[in-house]
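In terms of mature numbering (1 follows the signal peptide of the UniProt record, and there is no 0), the sequence shown is residues -28 to -1, 1 to 174.
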Amino acid sequence: MAITYRPALPGLLGLALAGLPAAGPGRAAELPVSWEVTQGTCAVAVQSLDLGAVDPTSLIGKANYTWVNRMPLPLTLSCTGGMLGGGQPQITVIGQQTIAGVFDNLGTAKGVGIALLKPYTTGTTEPERGAGCGNDRDIEGTNRCLYIPKPGGFYQAGEIVDGVVTITPVAAVTCGPSSECTRDKAAGGTVKAHIGFEFVYP
């Protein structure tokens, strides 16, 4: 997996999804990730991620915002200080969403997209609501940032991020609301989304 540092261009999350007909698992797929850092205070490394086989039929008839193939996406920030007295340091997430919480699919599959979830609460299998903007577990239109963790909580306004920090959001496949998860709307193919990440002191 290549990591890029190109300002003003979005990152890329993508995977291959099985071709429908309606049954049968998909091919194993890889999720390449690009990361752009807009301030020179942190270098970021992203581990490779393989979401494995995807069966889109597993989403049909399920509850709203059912996620499948959830996989952690560790982001390692190597920071050397920043703006003293700035706002709360955070990662801003940028990407097109027609359905809240589902980054638009730019591939050939229909009815599905990619969700980016906040890091899990320690000791649980559910995303931590307090890990970023808003009170939702996923990254959506009004909930577009991840806070940067430190022992006992998160970096706050006026604090400088220094040293090595790891943030672990989770990538997953979803169709969003259950009304979108129907056989007539689903079609196999590829799934990919352009998602940009910005390290900022607001």
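For glycine and all other residues, C-beta sits at the position ideal for the given N, C-alpha and C.
Since the model is a prediction, treat every value here as computed from it, not as a measurement.
| Query | Result |
| --- | --- |
| By the three-class DSSP mapping on this structure, what secondary structure does residue 129 have? | coil |
| Please find out if some non-hydrogen atom of the ligand SAM comes closer than 7 angstroms to the beta-carbon of residue 118. | Although the ligand SAM was asked about, the structure shown includes no ligands whatsoever. |
| Suppose you measure from the CA of residue 168 to the CA of residue 66; what does that come to, to the nearest Å? | 5 angstroms |
| Just reading off the beta strand (DSSP E) that residue 85 is part of, what are its end residues? | 85 to 89 |
| For residue 28, which of helix, strand or coil comes out of DSSP? | helix |
| Could you check if residue 109 is buried or exposed, using at least 16 other CB atoms within 10 Å of its CB as the buried criterion? | buried |
| What is the DSSP secondary structure of residue 17, reduced to helix, strand or coil? | strand |
| Spell out the partners DSSP gives residue 110 in its beta bridges. | 89 |
| For my contact list, residue 47 and residue 111 are in at a C-beta cut-off of 8 angstroms; report their separation, rounded to the angstrom. | Not a contact, Cβ separation roughly 13 angstroms. |
| So, residue 52 versus residue 13, is the Cβ gap smaller than 8 angstroms? | yes |
| For residue 102, which of helix, strand or coil comes out of DSSP? | helix |
| From which residue to which residue does the beta strand (DSSP E) around residue 118 run? | 117 to 119 |
| Tell me which same chain residues have a C-beta within less than 8 angstroms of the C-beta of residue 76, skipping the five on either side of it? | 67, 68, 69, 70, 85 and 165 |
| Run the CB neighbour count on residue -17, radius 10 Å, all protein chains shown included, and call it buried at 16 or more, exposed below. | Note on residue -17: pLDDT 47, under 50, position unreliable in the model; the coordinate value appears next. With 16 or more Cβ atoms within 10 Å of its Cβ, residue -17 is classed as buried. |
| What's the C-alpha gap between residue 147 and residue 163? | 11 angstroms |
| Judging by CA-CA distance, which residue of 81, 89, 58 and 61 is the nearest neighbour of residue 72? | 89 |
| For residue 33, which residues does DSSP report across the bridge? | In the DSSP output, where bridge partners are listed per residue, residue 33 has none listed. |
| How would you write the range of the beta strand (DSSP E) that residue 64 sits in, first residue to last? | 62 to 67 |
| Looking at the unbroken beta strand (DSSP E) that takes in residue 164, where does it start and where does it end? | 162 to 172 |
| With distances taken from CA atoms, which of 170, 174, 137 and 157 is nearest residue 28? | 157 |
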